[in-house]
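Have a look at the structure below before the remarks.
In our numbering, the protein residues as written are 13 to 214.
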């Protein structure tokens, strides 16, 4: 917001307008508008900022940038829960575990550890309805590189769509997951370290 308020000050002074005049055009007092210019009104809405821009003959635009993972829905949570209840009770299961890099806003959907060797950690990524195989493979490769885990489970909902996806756009994903999904489930159920990445339909 600081950059925006500097633009407001510059445009107002270039136009030879006072804070009183701009405030009056907006239906607010000089002190209210002055606080916005000084950055002392932290809750300025997008609508208010756009109105100020219009008064000052500026065009307001908004851009959104991806940061962390999107909020997951109930189906995604249910899919993770189906895997969690199959894991041996000696294993520790944590959800939304941030990646270790400073400033990295990504997170594993879940992390499993407690295999008897404290350093062993497995990352879980769940997808209810993947569409773009290449994008998913890139995302998983980067998480595996940066995520401080020993192996990874790609957990897919067992649906007709996802089985078709794995025969088509997601075919290349199978090479990244050498461990058979059924075997991965057996090992997790026994509390045994899978020692390799697997693709699980559940």
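Positions of the beta carbon are idealized from the N, C-alpha and C atoms, including for glycine.
C-alpha distance - residue i paired with residue j, whole-angstrom precision
i	j	result
residue 53	residue 47	6 Å
residue 149	residue 61	40 Å
residue 178	residue 100	28 Å
residue 113	residue 30	47 Å
residue 203	residue 127	6 Å
residue 141	residue 171	9 Å
residue 43	residue 115	37 Å
residue 164	residue 176	22 Å
Contact set for residue i: own chain, Cβ-Cβ below 8 Å, skip 5 residues either direction
i	result
residue 94	214
residue 63	38
Environment of residue i [buried if 16+ CB atoms lie within 10 Å]
i	result
residue 6	The requested residue 6 does not occur in the structure, where the chain is confined to residues 13 to 214.
residue 139	buried
Under 8 Å between C-beta atoms of residue i and residue j
i	j	result
residue 24	residue 34	yes
residue 134	residue 162	yes
residue 104	residue 125	yes
residue 167	residue 137	yes
residue 299	residue 90	Missing from the structure shown is residue 299; the chain here goes from 13 to 214 and no further.
residue 32	residue 70	no
Whole-angstrom C-beta distance between residue j and residue i, which should lie under 8 Å
i	j	result
residue 98	residue 197	6 Å
6 Å CB neighbourhood of residue i in its chain, flanking five on each side removed
i	result
residue 80	Any reading at residue 80 needs caution, since the residue's pLDDT is 49, under 50, leaving its predicted position unreliable; the model's value is listed next. So the list reads 117, once near-sequence residues are dropped.
Close-in-space but distant-in-sequence residues of the same chain around residue i (CB under 7 Å, 5 per side omitted)
i	result
residue 67	34, 37, 38
residue 88	138, 140
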